[in-house]
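These notes concern the structure reproduced below.
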Amino acid sequence: LFAGYDLLVETFSPGRKPEGLMALAAGGIMGVFSWTISLPWDVVKTRMQMDPVGYPSFSLACRRIAAEKGLLGFWTGYNAVVVRAIVMN
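Shown next as structure tokens:
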């Protein structure tokens with residue numbers, strides 16, 4: 029992800045040090061990208077931690093989430109983590 033940040037910074041302002049809004053934008057974009065990729069794994073992990081009996085294994089947890097909520101169920105809470113990612117990254 030650091031390589032992606034560097035690529036965005038270089039694209040936004042070739043040869044210059046990232047400053048202000050440019051650094052914020054590059055960090056925010058990479059934060060959103062990071063959570064878009066990792067949130068499904070985090071949703072499954074959280075479900076397994078919260079209800080180990082109902083979600084006894086990773087594969088069964090994935091099947092149960094998909095059956096109950098469809099594929100979008102793996103991105104539960106996406107809006108909240110995206111807002112946080114933009115601010116924190």
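For what it's worth, my numbering labels the leading residue of the sequence shown as 29, then goes sequentially.
Even glycine gets a Cβ: it sits at the ideal position worked out from N, Cα and C.
- Query: Rounded to a whole number of angstroms, what is the C-alpha to C-alpha distance between residue 60 and residue 113?
  - Reply: Approximately 6 Å, taken between the alpha carbons.
- Message: Taking its Cβ as the centre, do 16 or more other Cβ atoms sit within 10 Å of residue 58, making it buried, or is it exposed?
- Response: Looking at its Cβ environment, which holds 16 or more other Cβ atoms inside 10 Å, residue 58 is buried.
- Three or more C-beta pairs below 8 Å linking the segment 42-59 and the segment 73-86: Result no; under three Cβ-Cβ pairs closer than 8 Å.
- Item | Limits of the unbroken alpha helix (DSSP H) element including residue 64 | Run containing residue 64: 48-78, per the alpha helix (DSSP H) assignment.
- Task: Look at residue 95 and residue 72 and say whether their C-beta atoms are less than 7 Å apart.
- Result: For residue 95 and residue 72, no; Cβs fall outside 7 Å.
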